[in-house]
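Data first, discussion second: the structure below is written as structure tokens.
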């Protein structure tokens, strides 16, 4: 039995962490005397669009350091040794702000204790694979800052494979690594395109996670063939899997 889990915005509150991190980086930019906050935000957004377009479909398109390199190089017409330090400072601060947000979110919401308890139960009786369209270092930093130290899991990133979900190669590799048949798995994710569509192509039962802790705890059926459910509460999702696998 294998649980395939997306990380960002399925479990981790990454959208919220990202928004706060970029806002704090803009303030950091101003404090260092590099420009106004609006200057940072404008340059960052332009750089992000450039990198996304240039590296479309490649895992590196999510590397913030590439955005910082692009914006620093554009502002100062190239990179010096000193500006290389600026790029590294921006990356370091970004991860500092991001992981601090994750730690605060985890500590302020008691529902996470139940989520972690259910994940541990599943990991003891089966396998957990985090499947993510991100680079390895970024995800290790997030995991380290958020999950309990005794949770056992496997991690597959798009950087490992050079392709992103929902590519068939990604899900083929996940099934091979898990040594599992699709019928003995569940895929849980917040993206209909990346997570659910990818699972459907391999006949993996899937649960579309619309939000983490919604008040509606009912699990709804979206489709029988392939088998797809919809959930608005992560605890309900994990309890459903626990019951289905008779844990």
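Residue numbers (our numbering): 1043 to 1289.
Ideal Cβ placement from N, Cα and C applies to all residues, glycine included.
As the structure is a computational prediction, the values presented were derived from the model and not from experiment.
Residue i: first and last residue of the uninterrupted beta strand (DSSP E) it sits in
i, result
"residue 1273", "1270-1273"
"residue 1254", "Looking at the DSSP string, residue 1254 is not in any beta strand (DSSP E), and its letter there is neither H nor E."
"residue 1262", "1262-1265"
"residue 1113", "Not the beta strand (DSSP E): residue 1113 falls in the alpha helix (DSSP H), residues 1106-1117."
"residue 1044", "1044-1047"
"residue 1231", "1227-1231"
Residue of the options minimising C-alpha distance to residue i
i, options, result
"residue 1170", "1254, 1158, 1110", "1158"
"residue 1239", "1166, 1268, 1051", "1268"
"residue 1280", "1059, 1153, 1089", "1153"
"residue 1209", "1163, 1092, 1255, 1244", "1244"
"residue 1111", "1131, 1101, 1098", "1131"
"residue 1288", "1046, 1109, 1160", "1160"
"residue 1270", "1261, 1276, 1248", "1248"
"residue 1174", "1133, 1213, 1119, 1260", "1213"
"residue 1145", "1185, 1233, 1237", "1185"
"residue 1232", "1075, 1073, 1275, 1128", "1275"
"residue 1046", "1277, 1256, 1230, 1266", "1230"
"residue 1172", "1191, 1127, 1220", "1220"
"residue 1093", "1061, 1107, 1167", "1107"
"residue 1058", "1147, 1205, 1115, 1120", "1147"
"residue 1077", "1196, 1099, 1224, 1128", "1128"
"residue 1050", "1224, 1149, 1074, 1183", "1183"
"residue 1133", "1109, 1168, 1196, 1075", "1109"
"residue 1224", "1234, 1235, 1242", "1242"
"residue 1083", "1074, 1064, 1099", "1064"
Integer Cβ distance of residue i from residue j, believed to fall under 8 Å
i, j, result
"residue 1141", "residue 1187", "4 Å"
"residue 1165", "residue 1194", "5 Å"
"residue 1137", "residue 1066", "With a Cβ gap of about 12 Å, residue 1137 and residue 1066 do not count as contacting."
"residue 1156", "residue 1277", "5 Å"
"residue 1096", "residue 1177", "At roughly 16 Å, the Cβ-Cβ gap does not stay under 8 Å, so residue 1096 and residue 1177 are not in contact."
"residue 1079", "residue 1071", "7 Å"
Beta-carbon proximity check, residue i vs residue j, cutoff 9 Å
i, j, result
"residue 1090", "residue 1117", "no"
"residue 1254", "residue 1053", "yes"
"residue 1048", "residue 1251", "yes"
"residue 1043", "residue 1226", "yes"
"residue 1201", "residue 1056", "no"
"residue 1237", "residue 1211", "no"
"residue 1264", "residue 1272", "yes"
"residue 1189", "residue 1062", "no"
"residue 1246", "residue 1217", "yes"
"residue 1215", "residue 1286", "no"
"residue 1115", "residue 1124", "no"
Limits of the alpha helix (DSSP H) - the one that residue i falls within
i, result
"residue 1199", "Per DSSP, residue 1199 belongs to no alpha helix (DSSP H); it is in the beta strand (DSSP E), 1196-1199."
"residue 1141", "1123-1150"
"residue 1064", "1056-1073"
"residue 1171", "Looking at the DSSP string, residue 1171 is not in any alpha helix (DSSP H); the run it does join, the beta strand (DSSP E), is 1169-1174."
"residue 1188", "1178-1188"
"residue 1210", "1210-1220"
"residue 1084", "1079-1096"
"residue 1281", "1276-1286"
"residue 1242", "1239-1243"
Sequence-distant residues of the same chain with beta carbon closer than 8 Å to residue i, five excluded per side
i, result
"residue 1163", "1284, 1289"
"residue 1198", "1171, 1172, 1173, 1174, 1212, 1215, 1216, 1219"
"residue 1196", "1169, 1170, 1171, 1172, 1219, 1220"
"residue 1120", "none"
"residue 1003", "Since the displayed the chain opens at 1043 and closes at 1289, residue 1003 lies outside it and no answer follows."
7 Å Cβ shell around residue i - same chain, five flanking residues per side excluded
i, result
"residue 1205", "1211, 1212"
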